[in-house]
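First up is the structure itself, then whatever we jot down about it.
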DNA sequence: CTGAAAGCGCTTACAG
DNA sequence: CTGAAAGCGCTTACAG
């Protein structure tokens, strides 16, 4: 493939002015059907594709948005794919940036990206400083979507954490009275909300909470939280922050000779691909990550267009009951 | 923040020609130290950042590379981050595209991306058609890196699959004589190589293989491969394609009342974040995904610069022995 | 309905 | 050592 065809080449071949080509392609202006046909034929014949850099320069719109990822909690590829296809559908190209470090670092990096003017908007899938948006250039939109759950926030207050309530209600109906919550890091809004819902539901149903512990999205947090329990604690139901934590809880139980679900019921979150195959398989919350990514991107796109954010969306979370939850054995 | 400063604004403030600003910034031409100082001061004062679209148009270099992901096997974020930072270090911006569908679809999409001329190079982390590179525009480099393991291929023949050999040797030394390989899909070069190394090592050591089965990277493949075994099969050692398959194998064993590692030893691949917390914890292969991503990107960058690909790199795979492997109990 | 022309913000020969 | 000028490939008033 030699030199690439330009709109000028197309115009020459079609026997029209170069501006006519532009009008045909943009659908603006008023071009006669015959001229339009000739131009389109020439476009096809030359395999013409417009030079986006030139267009960007002229229109002062880059047509690009950036997505910023922090340390990943769980496989975000589906989320990225969802965000990417939403961006594409809206006529944007999506670029991904991975940013290590803490909130401060990440926020600075986002500001840098905003300053580069390569992007019309930036979507962050990791927590950012609350002051971020004020410091950004006014013509760059920044939307922070801490994680999947936070998208839910836009769909309705606390919709996100309702599975925690459902978990507890169901387990209580099975006969559980004693609960433990191994929570996620508090600077994740989703973790905080689950935490709140946990406490509120325990209180509302008059159940016993053995505590809220962990505050980390790791397997260690799960193991340690069980190791720290006094002998003879079971029966017990553990609401774990996610499936990784839940696996740690199950291991902690096994180490102490406590059976799951006989002695301890365990719930996770995220429906890891291994979770259906664990023994016992893990009760968890499945979330439609692709849709969550799509919605986050739609939120950014709405901001770019000065439209109100999409609202009234159906929840993306669905509880999947599996073998790790059952009535207490005694 | 109002209108953005251009090089012309900088020139005006510094009292020089606009071209001088360009020379100072590019380091080309010969500019006196005083003039350079004045320009740099003006740059800083105005917060000037060059318009990349304009530069791209003028230089006919976009400074962009694309990464294409297929259906993810396991969390590729670290790999993407590694690739991204390598790209950045080489002066490129990396863009990510997720592509669903089969090899055919993916290859077409890559060709489309190449045709868009938005990218100087494209790196695919999923299998592509062998004919792909011939059909691509000659000025766009395309590098396919099926997955982490394939990067190893560039680092030395079969370096990738050597852990399979090490697994088998170690297990044989522990007293295992009967093996089963639950393999990955054959169109993944990495799966194919492990398969070959498995067969060759079994043969070389005079061991017994109960078969090569599965050919899928799923938990079901693991469960089914154990369900299909005749009663009384153990003791046995299973080399699973990855940790997800291995978890399926462990579940299959549990369903049949076979203990791990007493009756069946199991090895995985990828060191999932849950793997250290399984009960028993899973012996597996840890790979430095960030480095693998970096190397894949370096391969693309070398291709862009018409340099030979980097060579002689240390292996990225490391076996982690855990509880799922032991001497057969009888 | 169509064309000639300006200009987006750069880089880079070229002339001085 | 520095500046005036052309041109990358588009879009969009503007004139006809």
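Residue numbers (my numbering), protein chains in the order written: chain A, 440 to 769; chain B, 440 to 769. Glycine included, C-beta positions come from ideal geometry on N, C-alpha and C.
Quick check: the Cα distance between residue 500 of chain B and residue 582 of chain A, rounded to an integer number of angstroms?
Numbered from 1 along the second chain, position 61 holds the residue referred to as residue 500 of chain B. Numbered from 1 along the first chain, position 143 holds the residue referred to as residue 582 of chain A. The straight-line gap from Cα to Cα measures roughly 30 Å.
Could you give the distance in angstroms between the alpha-carbon of residue 528 of chain A and the alpha-carbon of residue 469 of chain B?
The count along the first chain starts at 1 and reaches residue 528 of chain A at position 89. The count along the second chain starts at 1 and reaches residue 469 of chain B at position 30. For residue 528 of chain A and residue 469 of chain B, the distance between alpha carbons rounds to 47 Å.
Taking the continuous alpha helix (DSSP H) assigned at residue 694 of chain A, which residues delimit it?
Sequence index remark: in the first chain, residue 694 of chain A carries index 255 (1-based). Note, residue 694 of chain A: alpha helix (DSSP H), 682-694.
Tell me which residues of the segment 505-526 of chain B have at least one Cβ-Cβ distance to chain A shorter than 7 Å, keeping chain order.
508, 511, 514, 515, 516, 519, 520, 523
Please state whether the Cβ-Cβ distance between residue 549 of chain A and residue 563 of chain A is less than 8 Å.
To locate residue 549 of chain A, count along the first chain from 1; it is residue 110. To locate residue 563 of chain A, count along the first chain from 1; it is residue 124. Closer than 8 Å, so yes.
With a threshold of 16 other CB atoms inside 10 Å of the CB of residue 656 of chain B, please say whether the residue is buried or exposed.
Translated into the one-based positions of the second chain, residue 656 of chain B becomes position 217. Residue burial is scored here from C-beta neighbours: residue 656 of chain B has at least 16 other C-beta atoms within 10 angstroms and is therefore classed as buried.
Measuring only the C-alpha atoms, how far is residue 580 of chain B from residue 574 of chain B?
What you label residue 580 of chain B is simply residue 141 of the second chain in a count that begins at 1. What you label residue 574 of chain B is simply residue 135 of the second chain in a count that begins at 1. Each residue's alpha carbon lies about 11 Å from the other.
Let me see if you follow: with CB-CB separation under 8 Å, is residue 609 of chain B close to chain A or not?
Numbered from 1 along the second chain, position 170 holds the residue referred to as residue 609 of chain B. Not one chain A Cβ lies under 8 Å of residue 609 of chain B.
Identify every residue that forms a DSSP beta bridge with residue 725 of chain B.
In the second chain, counting from the first residue as 1, residue 725 of chain B sits at position 286. According to DSSP, residue 725 of chain B bridges with B/757.
Counting C-beta neighbours from all protein chains within 10 Å, is the total for residue 559 of chain B 16 or more, i.e. buried, or is it exposed?
The sequence position of residue 559 of chain B within the second chain is 120, counting from 1. Label assigned to residue 559 of chain B: buried.
Output, in sequence order along the chain, the residues in the segment 551-578 of chain B whose CB is closer than 8 Å to any CB in chain A.
554, 555, 556, 557, 576, 577, 578
If you measure between the beta carbons of residue 611 of chain A and residue 646 of chain A, is that distance less than 8 Å?
If you number the first chain from 1, residue 611 of chain A lands on position 172. If you number the first chain from 1, residue 646 of chain A lands on position 207. A contact, by the Cβ cut-off of 8 Å.
Output, in chain order, the set of chain A residues within a Cβ distance shorter than 8 Å of residue 658 of chain B.
In the second chain, residue 658 of chain B corresponds to position 219, counting from 1. What residue 658 of chain B touches in chain A: 712, 713, 715, 716.
Looking at residue 540 of chain B: is its Cβ nearer than 8 Å to the Cβ of residue 537 of chain A?
Numbered from its first residue, the second chain carries residue 540 of chain B at position 101. Numbered from its first residue, the first chain carries residue 537 of chain A at position 98. No, Cβ-Cβ distance for residue 540 of chain B and residue 537 of chain A is not below 8 Å.
If you follow the beta strand (DSSP E) that residue 647 of chain A is part of, which residue opens it and which one closes it?
Indexing the first chain from 1 puts residue 647 of chain A at position 208. It spans 647-653 - the beta strand (DSSP E) in which residue 647 of chain A sits, taken as one unbroken run.
Assign residue 629 of chain A to buried or exposed, taking buried as 16 or more other Cβ atoms, counted over all protein chains shown, within 10 Å of its Cβ.
Numbered from 1 along the first chain, position 190 holds the residue referred to as residue 629 of chain A. Buried.
Strictly below 7 Å CB to CB, what residues from chain A border residue 488 of chain B?
Here residue 488 of chain B refers to the residue found at position 49 when the second chain is read from its first residue. Residues of chain A with a Cβ closer than 7 Å to the Cβ of residue 488 of chain B are, in chain order, 554, 555, 556.
Taking only the alpha-carbon atoms, compute the straight-line gap between residue 731 of chain A and residue 518 of chain A and give it to the nearest angstrom.
Sequence index remark: in the first chain, residue 731 of chain A carries index 292 (1-based). Sequence index remark: in the first chain, residue 518 of chain A carries index 79 (1-based). If you take the alpha carbons of residue 731 of chain A and residue 518 of chain A, they lie about 6 Å apart.
With contact counted as at least three CB pairs below 8 Å, one residue from each stretch, are the segment 486-503 of chain A and the segment 444-452 of chain A in contact?
yes
Does the contact criterion of 3 or more C-beta pairs under 8 Å hold for the segment 720-734 of chain B versus the segment 703-712 of chain B?
yes
Would you report the Cα separation of residue 572 of chain A and residue 481 of chain B, rounded to the nearest angstrom?
Locating residue 572 of chain A in the first chain gives position 133, counting from the first residue. Locating residue 481 of chain B in the second chain gives position 42, counting from the first residue. C-alpha separation (whole angstroms): 27 Å.
May I ask you to list the residues that DSSP assigns as paired with residue 679 of chain A?
In the first chain, the residue the question calls residue 679 of chain A occupies position 240. Answer is A/621.
With 9 Å as the C-beta to C-beta threshold (strictly closer), list the residues of the segment 664-678 of chain B near chain A in chain order.
none
What separation, rounded to the nearest whole angstrom, lies between the Cα atoms of residue 763 of chain B and residue 533 of chain B?
On the second chain, position 324 is the one that residue 763 of chain B refers to. On the second chain, position 94 is the one that residue 533 of chain B refers to. About 40 Å.
Three-state secondary structure (DSSP) at residue 764 of chain B?
One-based indexing of the second chain puts residue 764 of chain B at position 325. The answer is coil: DSSP assigns residue 764 of chain B none of H, G, I, E or B.
Taking only beta-carbon positions, decide if residue 736 of chain A is within less than 8 Å of chain B.
Translated into the one-based positions of the first chain, residue 736 of chain A becomes position 297. Output row for residue 736 of chain A: interface = no.
So the candidates are A/767, A/642, A/634, A/479; which of them puts its Cα closest to the Cα of residue 699 of chain A?
Walking along the first chain from the start, residue 699 of chain A turns up at place 260. Of the listed residues, the one whose Cα sits closest to residue 699 of chain A is A/767.
Span of the beta strand (DSSP E) holding residue 772 of chain B?
An answer regarding residue 772 of chain B cannot be provided, because it is not within the stretch 440 to 769 covered by chain B.
From B/547, B/584, B/525, B/485, pick the residue whose C-alpha is nearest to that of residue 570 of chain B; which is it?
Counting from one through the second chain, the residue named residue 570 of chain B turns up at place 131. When each option's Cα is compared against that of residue 570 of chain B, the closest is B/547.
Under 8 Å, with one C-beta from each stretch per pair, do the segment 668-684 of chain B and the segment 616-625 of chain B reach the 3-pair mark?
yes
In its own chain, which residues sit with a C-beta less than 8 Å from the C-beta of residue 440 of chain A, not counting the 5 before and 5 after it?
By 1-based counting over the first chain, the position of residue 440 of chain A is 1. With a pLDDT of only 40 at residue 440 of chain A, under the threshold of 50, the placement of this residue in the model should not be trusted, and no figure is reported.
Per DSSP, what kind of secondary structure is residue 503 of chain A in: helix, strand or coil?
Here residue 503 of chain A refers to the residue found at position 64 when the first chain is read from its first residue. Strand at residue 503 of chain A.
Grab me the residues of residue 578 of chain A's own chain with a C-beta within less than 6 Å of its C-beta, minus the 5 sequence neighbours each way, in chain order.
Along the first chain, read from residue 1 onward, the residue named residue 578 of chain A stands at position 139. None.
Starting from residue 561 of chain B and walking both ways along the beta strand (DSSP E), at which residues does that stretch end?
Within the second chain, residue 561 of chain B is the residue found at index 122, counting from 1. 560-563 is the extent of the beta strand (DSSP E) around residue 561 of chain B.
Is it true that the CB of residue 714 of chain A sits closer than 8 Å to the CB of residue 688 of chain A?
Here residue 688 of chain A is taken as the residue at index 249 of the first chain, counted from 1. Here residue 714 of chain A is taken as the residue at index 275 of the first chain, counted from 1. In this structure, residue 714 of chain A does not lie closer than 8 Å to residue 688 of chain A by Cβ.
Would you say residue 443 of chain B lies against chain A (beta-carbon separation less than 8 Å)?
The residue you call residue 443 of chain B lines up with position 4 of the second chain. Yes, residue 443 of chain B counts as interfacial toward chain A.
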